[in-house]
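In what follows, a single structure is set out as structure tokens and then discussed.
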Amino acid sequence: MDDSDVLDLGYQVLPWICNQIILLGQQTRNKLYGTLGCELFVLSQQVASISETASAQQKLLKIFELVDKACSTSRSEPGQFRALKRIRTYKDSTSKIRQTVIKETQESLVHFVLRNPEYHTLLLLIPDCLKVDRTEALYTEGYQDNGDFGYPRHLNEMLFTQLQSNATCHCRTGHLEWIRLRLSTDSHNGDEDISFELVFKSKSSPSRHSQSFVQWKESNVVIPRRAGIQKQKQVGFATSPLQRLSPKQNSSLGQRMRRLALGEFCKLIDDQLANPVQFYIQSNVLKVIEPPNPTPSRAIFPCEGLSLGKWLETIPHISNKAKSHLAYTIAKSVWQYYNSPWMISPWTHKSIQLLHEGTGLTDQGKPHPYLTTKLARAVVKSKDFYLSSDLMHQYPHILALGILLIEIAIKQPLESEEDCHPLSETKINDYYTWAWTTAQRSNLKDTVHSLYEDAVNNCLNPELFSGYSMGRSREVDEIRARQNTLYEKIVVPLKILSDAYRDDWDIPSLSTMNTTKTISHQVISHKIITASGSPLPADFTVAIFCALPLEVDAVSALFDGIFQDSTLCHNAPGDLNTYTVGQMGRHNAVLVHLPGIGKSVASQAASSIRSTYANIKLALVVGVCGGVPYKNEHEEIILGDILISDGIVQHDFGRRVPGAFLRKTSVTNELGRPNVAIRGFLSKIQTTMTQKRIIGNIETYLKVIDQSLGNDAARYPGIEHDELFQSTYRHKHHDPVACTICAHSSNSTVCEEVLDLSCDLLKCHKDKLVRRKRLQAALAQGHTPSPTIHLGLIASGDTVMRSGQDRDLIAMRDNVLAFEMEGVGVWDSLPCLVVKGVCDYADSHKNKRWQPYAAATGAACMKALLDEWVF
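In this note's numbering, the protein residues as written are 16 to 886.
Okay, here's the thing in structure tokens:
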């Protein structure tokens with residue numbers, strides 16, 4: 016085989032081999048497999064770009080040779096790549112040989128990892144190969160794959176200056192005072208002309224519903240890359256479009272371009288035609304092209320956009336794929352417009368706006384970032400560097416980018432009183448402290464990806480960009496060096512990550528987001544049922560109670576229709592509840608938005624609902640709960656399973672005596688059994704045929720939630736994240752140097768900081784994990800565990816259970832399966848079932864990673880139960 020064939024072979028089989036290694040690591044809990052698997056996975060995502068250079072090709076060939084040896088059952092004929100060829104042949108096969116290949120490959124990998132010293136050689140080669148991609152490939156003249164370094168940055172100032180000279184506008188709209196520059200990831204290497212896309216606010220007009228809408232005028236400005244033909248030839252660029260056209264075409268385009276008259280820019284923006292207006296800068300003069308060349312409109316929706324900060328607070332869900340692409344778009348633009356008039360002030364979540372662009376599909380579109388900047392102002396030189404010696408970070412634009420990346424990752428803007436120039440010399444230390452602290456606590460490596468974390472850490476490392484000279488020529492070189500570092504250390508990692516996610520967005524449409532004030536009956540994005548099809552309040556027989564927004568999101572996604580009838584949108588006197596009313600299958604259902612968590616708010620809501628909806632026959636408390644790991648001491652309960660109550664135990668009701676808490680044992684009887692209708696229903700859903708229907712419907716409804724909220728909302732987080740620690744093993748600082756409180760405390764006391772820190776940050780020992788048979792079986796069979804339904808007693812109370820020992824004690828004493836906080840408040844007032852997904856094990860290691868998936872499984876089971884409820 017020649018080198019190109021070997022590279023192609025490795026590219027095809029490497030992802031499959033990575034999966035086998037990672038599976039071995041999950042089964043054995045041995046970090047050696049996990050380390051190799053992760054390194055090879057990162058390499059597999061970059062093979063195509065790495066192989067562009069000769070030195071990287073040689074290192075890739077050596078890596079593939081070692082990988083072939085690691086997967087080979089025969090050690091006698093190295094260099095033949097027989098193992099990789101065999102894998103390529105059978106990895107996607109449906110024959111029995113595939114299972115044999117899997118078994119033999121895993122056995123070979125075990126031998127290589129545990130006994131072959133070349134394992135460490137392979138680990139050293141992989142990062143060395145990745146390093147070649149980020150240095151040599153970027154700066155080698157023959158490298159043509161990435162054209163970003165061919166971008167002519169001096170055009171930024173020319174564009175800004177020409178627009179500013181035409182920004183004399185005295186109309187009421189003031190559409191030339193503020194401009195929106197579309198941020199893009201397009202490359203311009205070799206392009207003879209550079210095109211900039213801009214959007215102006217044309218007019219604001221009342222709609223037929225008496226709400227204002229915004230008319231946007233799209234435009235693009237084209238600037239020749241080089242002014243002179245000689246210079247173009249010297250640097251290897253082709254001639255401009257005007258010079259490449261035939262004499263007849265050249266004359267035609269030249270005749271269509273004319274210089275703007277004073278104040279004419281304003282009239283062009285107010286033009287009611289939908290076509291974008293096109294400009295051309297020729298000889299440093301802004302000219303309009305009439306008629307414009309055929310250019311498709313981006314169909315920007317006629318509504319005000321949201322600032323990035325408001326968008327992050329409002330949007331219910333952003334997938335890691337969308338976060339990566341948004342972060343890459345902004346980072347690439349910061350590099351592109353660095354030290355130009357477009358960056359007089361550092362970019363923040365207030366200066367970046369999300370406009371909703373149509374995609375040509377009905378009622379769909381994707382929000383895209385635009386920079387909002389004011390043209391009608393004096394040009395002030397951008398301050399790229401602060402000289403003060405007491406600053407923790409001297410580069411405001413780079414730190415501002417790091418803050419934006421953190422805000423996108425955690426979906427939460429930095430709350431601060433920003434002045435007209437944020438990140439000024441007097442405030443930059445405060446911003447840096449917030450960024451550093453938030454980045455460390457957010458665990459970006461697991462929250463998004465390790466490459467995302469690398470980009471953020473590089474933004475927060477001022478030493479990467481250090482160096483400054485007061486000399487003019489030297490200063491220009493320093494700025495250019497900072498730009499190159501910005502690209503290499505921040506833009507490139509985000510580009511790699513974004514390319515991996517390029518074809519999958521998962522961003523909800525801005526049009527489906529409710530940005531109005533909260534009202535008593537919220538309207539969500541579903542089929543709206545008009546007054547002619549609306550029932551009376553007495554026709555509502557099902558009430559659903561949710562406490563957390565993510566629980567509401569999952570339930571709301573399953574409504575088949577929302578009623579929009581004024582007679583249903585008025586609560587009875589004294590009823591302060593907030594409702595969403597609609598159809599859930601064959602039932603008219605009321606979703607009750609609880610104002611908080613706990614039994615008191617649930618009790619008040621349950622007591623009030625009958626004054627408005629008097630005929631509620633079934634109340635469902637739906638959401639997430641903490642699960643007891645074992646049912647009846649042998650049947651396992653894992654994360655994502657669903658608990659249905661056949662009784663409630665109020666575990667925090669009793670007497671506190673010195674050294675102990677004595678729960679009243681008569682509470683179960685006081686709360687009472689479910690009524691006859693619910694007890695009969697519970698008997699029905701335990702039959703084999705009914706359970707099969709419910710399980711099938713749960714899978715269907717999980718897909719509905721997934722499509723409505725985005726892929727990550729209802730996606731199984733992964734077997735490797737389902738971790739059950741021994742009940743006596745505490746979640747605390749295990750390093751005595753890190754925390755003296757945790758190190759010298761009794762078993763009942765730890766510092767408050769650990770409540771917000773993950774097990775990875777605290778380095779909780781994996782050898783304290785309890786082996787789960789269901790998870791091991793799923794790993795062996797290569798599938799995701801399906802949620803299992805468990806019926807039994809559920810413990811309810813205002814106390815959050817975060818103790819494995821107390822959990823096991825109460826579970827043994829009262830035979831409960833889970834812990835939650837709202838069921839006891841509804842149980843006494845309405846015929847009730849608690850239906851909740853297990854999001855943690857109610858111990859000190861609990862976290863929020865599983866909450867979205869558990870909320871989805873609980874909601875899916877709720878609707879599957881309603882399909883069976885016929886009362």
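Quick reminder that beta carbons are idealized off the backbone N, C-alpha and C, glycines included.
If you draw a 10 Å sphere on the C-beta of Pro610, you find fewer than 16 other C-beta atoms in it, and that means exposed. Closest in C-alpha terms to Ile304, from the list Glu490, Asn235, Ile345, Ala875, comes Asn235. Shortest Cα-Cα distance from Cys854 to any of Glu212, Ile238, Trp865 involves Trp865. For Pro384, the three-state secondary structure derived from DSSP is strand.
The DSSP-derived three-state label of Arg708 is helix. Assigned with DSSP and collapsed to three states, Thr595 falls in strand.
By the criterion of a C-beta distance shorter than 7 angstroms, Leu459 is surrounded in its chain by Ala424, Tyr467, Glu468, Val471, once the five residues flanking it on both sides are discounted.
Phe560 is not a Cβ neighbour of Asn603, given a cutoff of 7 angstroms. Spanning the alpha carbons of Lys878 and Arg130 requires a straight line of approximately 53 angstroms. In its chain, beyond the 5 residues on either side, Leu323, Ala342, Ile345, Trp362, Thr363, His364, Ile367 have a beta carbon closer than 8 angstroms to the beta carbon of Leu419.
Under the DSSP assignment, Arg113 falls in the alpha helix (DSSP H) whose first and last residues are 112 to 130. Less than 7 angstroms divides the Cβ of Asp882 from the Cβ of Gly600.
Pairing Ile443 with Pro411 gives a Cβ-Cβ distance under 7 angstroms. Annotation: Ser199 to Lys347 spans about 8 angstroms, alpha carbon to alpha carbon. According to the DSSP assignment, Asn335 belongs to the alpha helix (DSSP H) that extends over 335 to 351. A contact between stretches requires three or more CB pairs, one per stretch, nearer than 8 angstroms, and the stretch 817 to 832 fails this requirement with the stretch 774 to 789. For Ile367, the enclosing beta strand (DSSP E) has its first and last residue at 367 to 373. By the Cβ criterion, the stretch 317 to 337 is not in contact with the stretch 169 to 184, since fewer than three pairs of Cβ atoms, one from each stretch, lie closer than 8 angstroms.
With respect to the 7 angstroms criterion, Val349 and Leu438 are not classified as neighbours on the basis of their beta carbons. Annotated three-state conformation of Met272 is strand, per DSSP. Counting every other CB atom within 10 Å of its CB across the protein chains shown gives His585 a total below 16, marking it as exposed.
Sixteen is the threshold: since fewer than 16 other Cβ atoms of the shown chains lie within 10 Å of the Cβ of Glu430, the residue is exposed. In the DSSP assignment, Trp362 falls outside any alpha helix (DSSP H), carrying neither H nor E. The beta-bridge partner set that DSSP reports for Ala833 consists of Gly642, Ile809. DSSP places Gln791 in no beta strand (DSSP E) but in the uninterrupted alpha helix (DSSP H) bounded by 788 to 796. Secondary structure of Phe574 (DSSP, three-state): coil.
Thr872 counts as buried, since at least 16 other C-beta atoms from the protein chains shown sit within 10 angstroms of its C-beta.
In the three-state reduction of the DSSP assignment, Pro689 falls in the coil class, being assigned neither a helical nor a strand state. Here the C-alpha atom of Arg274 lies approximately 28 angstroms from the C-alpha atom of Ile315. Counting other Cβ atoms within 10 Å of its Cβ, Gln498 reaches 16 or more and is therefore classed as buried. Following the DSSP letters along the chain, one finds Val607 in no alpha helix (DSSP H) but inside the beta strand (DSSP E) bounded by residues 602 to 608.
For secondary structure counted as the alpha helix (DSSP H) over 4 or more consecutive residues, the stretch 271 to 327 holds these complete runs in sequence order: 279 to 284. In this structure, the CA atom of Pro306 is about 9 angstroms from the CA atom of Met272.
In this structure Arg103 does not touch Leu370 by the C-beta definition: roughly 46 angstroms separates them, more than the 8 angstroms allowed. Counting along the chain, no alpha helix (DSSP H) covers Val557; the unbroken beta strand (DSSP E) around it starts and ends at 557 to 561.
In the assembly as shown, Thr388 is a buried residue. Its beta-carbon has 16 or more other beta-carbons within 10 Å.
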